[in-house]
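Peer 1: Going by the numbering used here, the sequence shown opens with residue 68, and the numbers climb by one from there.
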Amino acid sequence: MAGLIEQERYACAIGALQSVVAIPRATPILHSGPGCGTMIQGFFERSTGYAGGSTSPCTNFSEKEVVFGGENRLRKIIENTYKVLDTDLQVVVTGCTADIVGDDVASVTNEFLDEGKPIVHVETAGFKSNNYVSHSKVVNAIIDQYVNRFIDENPVRSEKKLVNLLASIPYQDPFWKGNLAEYKRLLEGLGLEVNILFGPYSKGVEEWKTIPKANFNILVSPWYGEPIAKHLEKKYGQPYYHFRYMPIGANETTRFLKGAVDFAKKQGAGLNEEKALAYIEHEEYAYYEEIDNLATFLLEFRYGLPNHVHILHDAGYVVGLSRFLLHETGIVPKEQFIVDNTPAEYIETITGDLQSASDKRKIPVRFDPDAGAAQDMIRGLSHEGRGLIIGSGWDKELAKEKGYDFLSAAVPTPYRLVLTTNYVGYTGGLRVIEDIYDAVLYTYK
């Protein structure tokens, strides 16, 4: 018998409408009840994009559609959306009722495809999966139903320096805009050209059309997004460089970038390796200059800073932050909690990535989407020294109970405004340090 999950920190499958919202001038059309869009908007907050949030077109599936089907209503909504919104791409996402009734959404969207309209459909019924999984389904649907129509203009693997980046899930990762922009900056510094596909630094639908031209793909993720990389490998013969957690700070960012250089070399990208390595060295230098400047502060406050941390986040952040904090701040990861409902086949690899952070200590980790249970466990733990909790806004009161410092870094984030902040890369590591020690200094009076 299944139990209740408290404080689930992701959305149901239709939450992938946010992946559409994150594509410039793309519009999701919800073939669902009106509550679905409202729920997603409330969970992610500040996530309207070009035509998201309360402005997303919706069929408002009702009892009438349950009895007679909703295909005619969907057809009218699509027609009216073209009249009202100037969009480059429309993606129809389905809710539970539409999938249960069995509406033939494909036949409706194909009518508009035959007219040359840029439209895609994808099943995202909430009972089928969550938005971590359906993000890949949405991306693959756009590739198959839209991008592939332009294959003659974008020959497969024709641009040796071009790569497709598959990394942060828009809005599920609160730092997605800043992270994608930083990945782009770093990889371009190596001499690559980068499709990031989402956010203001992408070229929108025109960039998506060039996906087949990429020489290879870069996947930064422990598990989510891998179906996209595998699909592109099968469809276009594009291999992918896989970095399994968030590269935060100098150690892991250098590891990530040098790995990208080596992979690019094997794929015949024609990078200037000497220039690329010099770029990495300069970025490291800039990072360590700031760390040197931090030395006086750390010496003065060494007895009043957190010495251990509990993280409640997805696998990419838990591993990335744990490795960074242990090696570059001296904050020791204690019990860690991965709450992204990780598929069983990935757990062993992720655990290994976490344990390889240190050969001197084991980092306990729990895989469980029940964040309420994670909180209960933390309440029962006791460690010497000052503690830190990194999680969502829901963990603020827990940190207060424990007398710990708190950093909001996961959804939902009602106590923090995130615009273009990044947590990946050299600059991301510095920002994490700023945020942690700002929270500490705020407690001094």
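Beta carbons: idealized from backbone N, C-alpha and C, even for Gly.
Classify Thr161 as helix, strand or coil using the three-state DSSP reduction.
Peer 2: Counting from one through the sequence shown, the residue named residue 161 turns up at place 94. Note: Thr161 maps to strand in three-state DSSP.
Peer 1: Reducing DSSP to helix, strand and coil, say where Glu350 ends up.
Peer 2: For the purposes of this step, residue 350 is identified with residue 283 of the sequence shown, where counting begins at 1. Note: Glu350 maps to helix in three-state DSSP.
Peer 1: Check for me: the alpha helix (DSSP H) holding Lys228 runs from which residue to which?
Peer 2: Taking the sequence shown and counting its residues from 1, one reaches residue 228 at position 161. No alpha helix (DSSP H) contains Lys228, which is instead part of the beta strand (DSSP E) from Glu226 to Leu233.
Peer 1: Under a Cβ-count criterion, where at least 16 other Cβ atoms within 10 Å of its own Cβ denotes burial, should Thr164 be classed as buried or exposed?
Peer 2: On the sequence shown, position 97 is the one that residue 164 refers to. Looking at its Cβ environment, which holds 16 or more other Cβ atoms inside 10 Å, Thr164 is buried.
Peer 1: How far does the alpha helix (DSSP H) with Glu146 in it extend, from its first residue to its last?
Peer 2: Numbered from 1 along the sequence shown, position 79 holds the residue referred to as residue 146. Start and end: Glu138 to Val151.
Peer 1: Taking the beta carbon of Gly454 as the centre, do at least 16 other beta carbons fall within 10 Å, making it buried, or is it exposed?
Peer 2: Translated into the one-based positions of the sequence shown, residue 454 becomes position 387. Buried, since its Cβ has 16 or more Cβ neighbours within 10 Å.
Peer 1: Helix, strand or coil, according to DSSP, for Gly458 in the structure here?
Peer 2: Stepping through the sequence shown from its first residue, residue 458 is reached at position 391. Here DSSP, grouped into helix, strand and coil, assigns Gly458 to strand.
Peer 1: What number of angstroms, rounded off, separates the C-alpha of Gly15 from the C-alpha of Ala343?
Peer 2: The first residue shown for the chain is 68 and the last is 512, placing residue 15 beyond what the model contains.
Peer 1: By Cβ distance, which residues of its chain are closer than 6 Å to Asp502, with the 5 residues on each side in sequence left out?
Peer 2: The residue given as residue 502 occupies position 435 in the sequence shown. Taken in chain order, the residues that qualify are Leu474.
Peer 1: Do Tyr493 and Thr320 have their C-beta atoms closer together than 7 Å?
Peer 2: By one-based count along the sequence shown, residue 493 stands at place 426. By one-based count along the sequence shown, residue 320 stands at place 253. The answer is yes: Cβ separation under 7 Å.
Peer 1: Which residues share a DSSP beta bridge with Phe473?
Peer 2: Taking the first residue of the sequence shown as position 1, residue 473 is located at position 406. DSSP lists Ile456 as partners of Phe473.
Peer 1: Please return the same chain residues whose Cβ sits closer than 8 Å to the Cβ of Ala440, not counting the five positions on each side in sequence.
Peer 2: The residue given as residue 440 occupies position 373 in the sequence shown. The residues are Glu73.
Peer 1: In angstroms with no decimal places, state the Cα-to-Cα distance between Glu293 and Tyr511.
Peer 2: Start at 1 with the first residue of the sequence shown, and residue 293 comes out as number 226. Start at 1 with the first residue of the sequence shown, and residue 511 comes out as number 444. Distance between the alpha carbons of Glu293 and Tyr511 is about 44 Å.
Peer 1: For Leu465, which option in Val485, Val478, Asp437 and Met444 has the closest C-alpha, if you only look at C-alpha atoms?
Peer 2: As a working mapping, residue 465 is identified with position 398 in the sequence shown. Closest option to Leu465, Cα to Cα, is Met444.
Peer 1: Using 10 angstroms around the beta-carbon of Met68, count the other beta-carbons present and answer buried if the total reaches 16, otherwise exposed.
Peer 2: Stepping through the sequence shown from its first residue, residue 68 is reached at position 1. With a pLDDT of only 35 at Met68, under 50, the local geometry of the prediction cannot be trusted, and no value is derived from it.
Peer 1: What are the start and end residues of the alpha helix (DSSP H) that includes Thr94?
Peer 2: On the sequence shown, residue 94 is found 27 positions in, with the first residue counted as 1. Counted as a single uninterrupted DSSP element, the stretch harbouring Thr94 is not any alpha helix (DSSP H) but the beta strand (DSSP E) occupying residues Ala93 to His98.
Peer 1: Under a three-way DSSP split, which group does His450 fall into?
Peer 2: Residue 450 sits at position 383 when you count from the first residue of the sequence shown. In this structure, His450 counts as coil in the three-state DSSP scheme.
Peer 1: Does the distance from the C-beta atom of Gln157 to that of Thr94 stay below 7 Å?
Peer 2: Translated into positions along the sequence shown, residue 157 becomes position 90. Translated into positions along the sequence shown, residue 94 becomes position 27. Yes.
Peer 1: Measuring alpha carbon to alpha carbon, tell me which of Ser174, His188, Thr418 and Val206 ends up nearest His298.
Peer 2: By 1-based counting over the sequence shown, the position of residue 298 is 231. When each option's Cα is compared against that of His298, the closest is Val206.
Peer 1: With a CB to CB cut of under 6 Å and the five nearest residues on each side skipped, what residues in its chain are close to Ile417?
Peer 2: On the sequence shown, position 350 is the one that residue 417 refers to. If we look at Ile417 and ignore the five residues flanking it on each side, its Cβ neighbours are Pro289 and Ala382.
Peer 1: Does Lys204 pass the burial test, meaning 16 or more other C-beta atoms within 10 Å, or should it be called exposed?
Peer 2: In the sequence shown, the residue the question calls residue 204 occupies position 137. Looking at its Cβ environment, which holds 16 or more other Cβ atoms inside 10 Å, Lys204 is buried.
Peer 1: Might you give, ordered along the chain, the residues of its own chain that have their beta carbon closer than 7 Å to the beta carbon of Ile295, omitting 5 neighbours on each side?
Peer 2: Taking the first residue of the sequence shown as 1, we reach residue 295 at position 228. Ser203, Val206, Asn207 and Leu233, listed in sequence order.
Peer 1: Whether or not the region 380 to 399 and the region 307 to 318 are in contact is what I'm after, with contact meaning three or more pairs of Cβ atoms, one per stretch, closer than 8 Å; do they touch?
Peer 2: Touching, per the Cβ criterion.
Peer 1: Check whether the Cβ atoms of Val175 and Arg140 sit closer than 7 Å, and answer yes or no.
Peer 2: As a first step, residue 175 must be located in the sequence shown, where it is residue number 108. As a first step, residue 140 must be located in the sequence shown, where it is residue number 73. No.
Peer 1: Quick check on DSSP: helix, strand or coil for Ile186?
Peer 2: Mapped onto the sequence shown, residue 186 falls at position 119. Three-state DSSP puts Ile186 in a strand.
Peer 1: Between the C-alpha atoms of Phe110 and Gly183, what's the straight-line distance to the nearest angstrom?
Peer 2: Within the sequence shown, numbered from 1, the residue matching residue 110 stands at position 43. Within the sequence shown, numbered from 1, the residue matching residue 183 stands at position 116. So the alpha carbons of these two residues sit roughly 35 Å apart.
Peer 1: Quick one: Cα of Ile378 to Cα of Ile107, how far?
Peer 2: Numbered from its first residue, the sequence shown carries residue 378 at position 311. Numbered from its first residue, the sequence shown carries residue 107 at position 40. Approximately 24 Å, taken between the alpha carbons.
Peer 1: For the beta strand (DSSP E) containing Gly405, name the first residue and the last one.
Peer 2: As a position in the sequence shown, residue 405 is number 338, starting the count at 1. Correcting the residue identity first, residue 405 is Ile in this sequence and not Gly. Counting along the chain, the beta strand (DSSP E) containing Ile405 begins and ends at Gln403 to Ile405.
Peer 1: Looking only at C-alpha atoms, which of Leu152, Asp359, Arg76 and Asp171 sits nearest to Thr122?
Peer 2: The residue labelled residue 122 in the question sits at position 55 within the sequence shown. When each option's Cα is compared against that of Thr122, the closest is Leu152.
Peer 1: What would DSSP say about Val192, mapped onto helix, strand or coil?
Peer 2: Within the sequence shown, numbered from 1, the residue matching residue 192 stands at position 125. It is worth fixing the name first, because residue 192 is Ala in this sequence and not Val. DSSP places Ala192 in coil when its eight states are reduced to three.
Peer 1: Which of the three DSSP states is assigned to Arg311 in this structure?
Peer 2: Position 244 of the sequence shown holds residue 311. In this structure, Arg311 counts as coil in the three-state DSSP scheme.
Peer 1: Leaving out the 5 sequence neighbours to the left and right, which residues in its chain are closer than 8 Å to Gly337 when beta-carbon positions are compared?
Peer 2: Within the sequence shown, numbered from 1, the residue matching residue 337 stands at position 270. These residues qualify, in order along the chain: Lys227 and Lys228.
Peer 1: One question on the structure: do Ser44 and Ala83 come within less than 7 Å of each other, judged by their Cβ atoms?
Peer 2: The structure shown does not extend to residue 44, since the chain spans only 68 to 512, so no value can be given for it.
Peer 1: How far does the beta strand (DSSP E) with Val272 in it reach, from first residue to last?
Peer 2: In the sequence shown, residue 272 corresponds to position 205, counting from 1. Taken as a continuous stretch (DSSP letters only), Val272 belongs to no beta strand (DSSP E), being part of the alpha helix (DSSP H) at Val272 to Lys276.
Peer 1: If you reduce the DSSP assignment to three classes, tell me which class Phe283 lands in.
Peer 2: Locating residue 283 in the sequence shown gives position 216, where the first residue counts as 1. Correct three-state label for Phe283: strand.
Peer 1: In its own chain, which residues sit with a C-beta less than 7 Å from the C-beta of Arg498, not counting the 5 before and 5 after it?
Peer 2: Along the sequence shown, read from residue 1 onward, the residue named residue 498 stands at position 431. Closer than 7 Å at the Cβ level, and outside the excluded window around Arg498, lie Thr488, Asn489 and Tyr490.
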